[in-house]
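**Q** Below you'll find the structure I mean.
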Amino acid sequence: MEDRWRLFVGCFVHHDGLASAYHHIIQLAQPFCSAKWVEPANLHFTFAFLGNLPRSLVPKLLKALSPLLHPYPSQLELTGLGVFPHWNAPRVLYVPVEDLDGQLSRVHRELHQILRNFGFALEDHRPFTPHVTIARLKHVRSPERLRMTLEPYLRYHFGQLAQFEPLLIRSILRPEGPLYSAVLPDIPIAE
Numbered sequence: 002m003e004d005r006w007r008l009f010v011g012c013f014v015h016h017d018g019l020a021s022a023y024h025h026i027i028q029l030a031q032p033f034c035s036a037k038w039v040e041p042a043n044l045h046f047t048f049a050f051l052g053n054l055p056r057s058l059v060p061k062l063l064k065a066l067s068p069l070l071h072p073y074p075s076q077l078e079l080t081g082l083g084v085f086p087h088w089n090a091p092r093v094l095y096v097p098v099e100d101l102d103g104q105l106s107r108v109h110r111e112l113h114q115i116l117r118n119f120g121f122a123l124e125d126h127r128p129f130t131p132h133v134t135i136a137r138l139k140h141v142r143s144p145e146r147l148r149m150t151l152e153p154y155l156r157y158h159f160g161q162l163a164q165f166e167p168l169l170i171r172s173i174l175r176p177e178g179p180l181y182s183a184v185l186p187d188i189p190i191a192e
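Here the sequence shown is numbered in the working numbering, starting from 2 and rising by one per residue.
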């Protein structure tokens with residue numbers, strides 16, 4: 002059986018403002034929920050989840066995507082905290098990414114076009130809502146208390162990202178949390 006890789010196209014988010022607030026948010030939230038917190042080095046937003054693909058397909062996919070896999074200057078704001086699906090039954094805690102100049106949306110459309118041409122069926126019926134997941138909430142004892150406790154961060158301005166860089170990212174699922182690594186064209190595709 003051929004080796005398969007779990008892949009997505011996304012951007013890592015390394016931001017001092019978010020990093021400095023991250024541990025305080027955990028301290029505030031922990032009394033009201035059990036959660037799997039995303040490691041700070043793994044914070045990212047996703048353009049498209051591709052699934053488990055044969056490793057032999059990776060070089061062709063990387064070649065098709067390569068025209069768009071580079072840094073883009075932009076005006077992205079990290080502002081507030083939100084939850085999916087809603088505050089009455091929160092399952093995901095995230096920071097919205099505001100695309101002030103439309104650059105992120107443009108790149109998203111172009112990436113999706115390349116992926117559709119490559120044969121991927123994408124969830125384009127949903128609007129693109131870029132966000133940085135910071136925790137998957139397993140059990141919330143009091144959604145109302147959680148929301149009240151996190152109130153200082155609901156509209157908090159973490160800061161701006163001056164650029165973003167789409168990458169093809171491999172995700173290896175492990176009990177202690179996923180391991181993410183960028184798949185780069187000049188690195189051999191090996192285990």
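Just so you know, even glycine gets a beta-carbon here, dropped at the ideal spot from N, CA and C.
Quick check: what's the CA-CA separation for Pro-86 versus Lys-139?
**A** Answer to the nearest angstrom: the Cα atoms are 13 Å apart.
**Q** Please list the terminal residues of the continuous alpha helix (DSSP H) segment that includes His-126.
**A** Segment: none, His-126 is in no alpha helix (DSSP H) and carries neither H nor E.
**Q** Hey, which unbroken runs of the alpha helix (DSSP H) at 4 residues or more fall wholly within the region 37-118?
**A** Qualifying alpha helix (DSSP H) stretches, in chain order: 59-66.
**Q** For Arg-56 and Pro-167, I'd like the C-alpha separation in whole angstroms.
**A** Approximately 20 Å, taken between the alpha carbons.
**Q** In this structure, what does DSSP give as the bridge partners for His-140?
**A** Per DSSP, Ser-35.
**Q** Can you give me the Cβ contacts of Ala-65 inside the same chain, cut-off strictly under 7 Å, excluding the 5 residues immediately before and after it?
**A** Answer for Ala-65: Ile-115 and Phe-119, listed in chain order.
**Q** Given a threshold of 16 other Cβ atoms within 10 Å of its Cβ, counted over all protein chains shown, does Ala-191 qualify as buried or as exposed?
**A** For Ala-191, the predicted model reports a pLDDT of 48, less than 50, meaning its position is unreliable; a value from the coordinates is still stated below. It is exposed - the Cβ of Ala-191 has fewer than 16 other Cβ atoms within 10 Å.
**Q** In whole angstroms, what is the alpha-carbon distance linking Leu-147 and Val-133?
**A** Answer to the nearest angstrom: the Cα atoms are 19 Å apart.
**Q** Determine the direct distance from the alpha carbon of Cys-12 to that of Ala-90, and round the result to whole angstroms.
**A** In a straight line, the C-alpha of Ala-90 is about 28 Å away from that of Cys-12.
**Q** Among all the DSSP beta bridges, which residues are the ones paired with Ala-183?
**A** Paired residue(s): Ile-170.
**Q** For Leu-19, report the span of its alpha helix (DSSP H) as first-last.
**A** Here the alpha helix (DSSP H) through Leu-19 covers 17-30.
**Q** How many whole angstroms separate the CB atoms of Leu-105 and Pro-72, which I take to be in contact at a CB cut-off of 8 Å?
**A** Their Cβ separation, rounded to whole angstroms, is 13 Å, which puts Leu-105 and Pro-72 out of contact at 8 Å.
**Q** Would you tell me roughly how many angstroms separate the C-alpha atoms of Leu-1 and Thr-47, rounded to the nearest one?
**A** Residue 1 lies beyond the range of the chain shown here (2 to 192); nothing can be said about it.
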